[in-house]
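Residue numbers for the sequence shown follow UniProt numbering, so the first one is 1 and each next one is one higher.
Idealized CB from N, CA, C, for every residue including glycine.
Just so it is clear, the structure is predicted and the values come from calculations on it, not from any experiment.
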Amino acid sequence: MPLRKQCIKRPQDLYRTNRRQLAQKLMGAPNTSQCPISREELETKLREKLSKANNKVDIKNFTGSAGHVDENLLLGPIGEEEVDEALRGINKHSAPGPDGKKLQDLEVIQETDASRIPRPFTLWLKTRSIPESMKKSRTVLIPKCEDPDRFKNLDNCRPITIGLMLLRLFTKILAKRLSKVVNINPRQKGFLAPTPGCNENIALLQNIIKGSKKNRKELAVVFVDLAKAFDSVSHKLLIGLLKRMKTLAALVDLIRQLPTNNTTVIEGEGKPTDQIKIERGVKQGDPLSPLLFNIAIDPLISTLEQAGQGITMPYGNRML
1 MPLRKQCIKR
11 PQDLYRTNRR
21 QLAQKLMGAP
31 NTSQCPISRE
41 ELETKLREKL
51 SKANNKVDIK
61 NFTGSAGHVD
71 ENLLLGPIGE
81 EEVDEALRGI
91 NKHSAPGPDG
101 KKLQDLEVIQ
111 ETDASRIPRP
121 FTLWLKTRSI
131 PESMKKSRTV
141 LIPKCEDPDR
151 FKNLDNCRPI
161 TIGLMLLRLF
171 TKILAKRLSK
181 VVNINPRQKG
191 FLAPTPGCNE
201 NIALLQNIIK
211 GSKKNRKELA
221 VVFVDLAKAF
231 DSVSHKLLIG
241 LLKRMKTLAA
251 LVDLIRQLPT
261 NNTTVIEGEG
271 KPTDQIKIER
281 GVKQGDPLSP
291 LLFNIAIDPL
301 ISTLEQAGQG
311 ITMPYGNRML
């Protein structure tokens, strides 16, 4: 095919299959598949960040809570309908893991033999064990800026760790089950679909500012951006919090298994690094990670609320 036709066909194909990627290309975003950082530098910095466990845990004042814990809801056999629903909920453009398996590959398996995927998933639940072969990942760098020169600095990149598609399907089912019994502080709005969290918080903030101006009251607003938030979550903290939340011990054992012995590789200058062990954080790109992150920061949110400081305002039939 002539070069000119290739240049025209590529954007047309992306428009039909992946409009987000097309928009990034049109806006001049750096090509994330061609990381300019050397392989040696990538491996050194990521190994330093991911292989150092964070064992700081102080939750003695956090009681935690849980809804009604239905053992069958959490640990019962995973059925074909659950798998079908989880498959429908995964973005069709989701990147494959290190084994190259795509969402479409799992859909074909499910259509051919609807019991083939639920069987191992149910076994993992019963044994509270994840096969070591499922714990391999690959990491890609998403630039936080459009300047290619700044992309050369790892701090200007967001590392996204992509696990095997099969494990992501399992953790998506697990996340839905767990979300039904773990009570997150209602002040938390992030990652809680279908809650319009951002819109609700923006509306609250606008009303608070408006009320302070109208009543001539002093107001201080603090915005906190947690640096490397997902990467800094302590595995030990998560397990301690789940126990405090009175979640079934068997499920705690399974979640303890998930981050254990995980490894990842990342490409630098087109060559993959050696395997890097992941000793801290939750994987961005894993369906269970947002819920685990919310659990990790829940003591902070609850402590701030219990302090009794801040603005009080009517909200429906209650006070905030």
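Who are the Cβ neighbours of residue i in its own chain at under 7 Å, not counting the five residues just before and after it?
i: Arg128; result: Ala250, Asp253, Leu254 and Gln257
i: Ala95; result: Ile162
i: Arg47; result: Ile276
One question on the structure: do residue i and residue j come within less than 9 Å of each other, judged by their Cβ atoms?
i: Pro272; j: Val282; result: no
i: Ala86; j: Lys214; result: no
i: Pro143; j: Arg158; result: yes
i: Asp298; j: Leu241; result: yes
i: Ile130; j: Leu106; result: no
i: Leu103; j: Lys136; result: no
i: Ile160; j: Gln284; result: yes
i: Leu205; j: Val222; result: no
Residue i CB to nearest chain D CB: under 9 Å?
i: Leu167; result: Chain labels in this structure do not include chain D; a single protein chain is all it has.
Going along the chain, which residues of its own chain have a beta-carbon closer than 8 Å to the beta-carbon of residue i, five neighbours each way excluded?
i: Ile109; result: Arg116 and Ile117
i: Glu305; result: Asn185 and Arg187
i: Glu43; result: Ile266, Gly268, Thr273, Asp274 and Ile276
i: Leu73; result: Arg177, Lys180 and Val181
i: Leu50; result: Asp231, Thr264, Ile276, Lys277, Ile278, Glu279, Arg280 and Gly281
i: Asn201; result: Lys189
Within its chain, find whatever has a CB closer than 6 Å to the CB of residue i; leave out the 5 residues flanking it on each side and keep chain order.
i: Leu125; result: Leu75
i: Pro77; result: Thr122
i: Ile208; result: Ile311
i: Ala175; result: Pro287, Leu288 and Leu291
i: Pro98; result: Lys136 and Arg138
i: Gly89; result: none
My assumption, with CB atoms under 8 Å, is that residue i sits in contact with residue j. Please give the rounded CB distance.
i: Leu238; j: Ile295; result: 6 Å
i: residue 322; j: Glu82; result: For residue 322 there is no data in the structure shown, the boundaries of the chain being 1 and 320.
i: Leu141; j: Lys45; result: Not confirmed; about 11 Å, so no contact.
Rank the options by C-alpha distance to the C-alpha of residue i and give the top, closest one.
i: Asn91; options: Leu169, Asp274 and Leu178; result: Leu169
i: Asn183; options: Gln206, Glu41, Ser302 and Asn201; result: Ser302
i: Gly100; options: Glu111, Gly89 and Arg138; result: Arg138
i: Ile37; options: Asn156, Arg88 and Val224; result: Asn156
i: Val224; options: Asp84, Leu300 and Glu41; result: Leu300
i: Met134; options: Thr260, Gly89 and Phe293; result: Thr260
Shorter than 8 Å, the distance from the beta carbon of residue i to the closest heavy atom of the ligand MN, or not?
i: Lys172; result: What this structure holds is no ligand at all, so the ligand MN is not there to describe.
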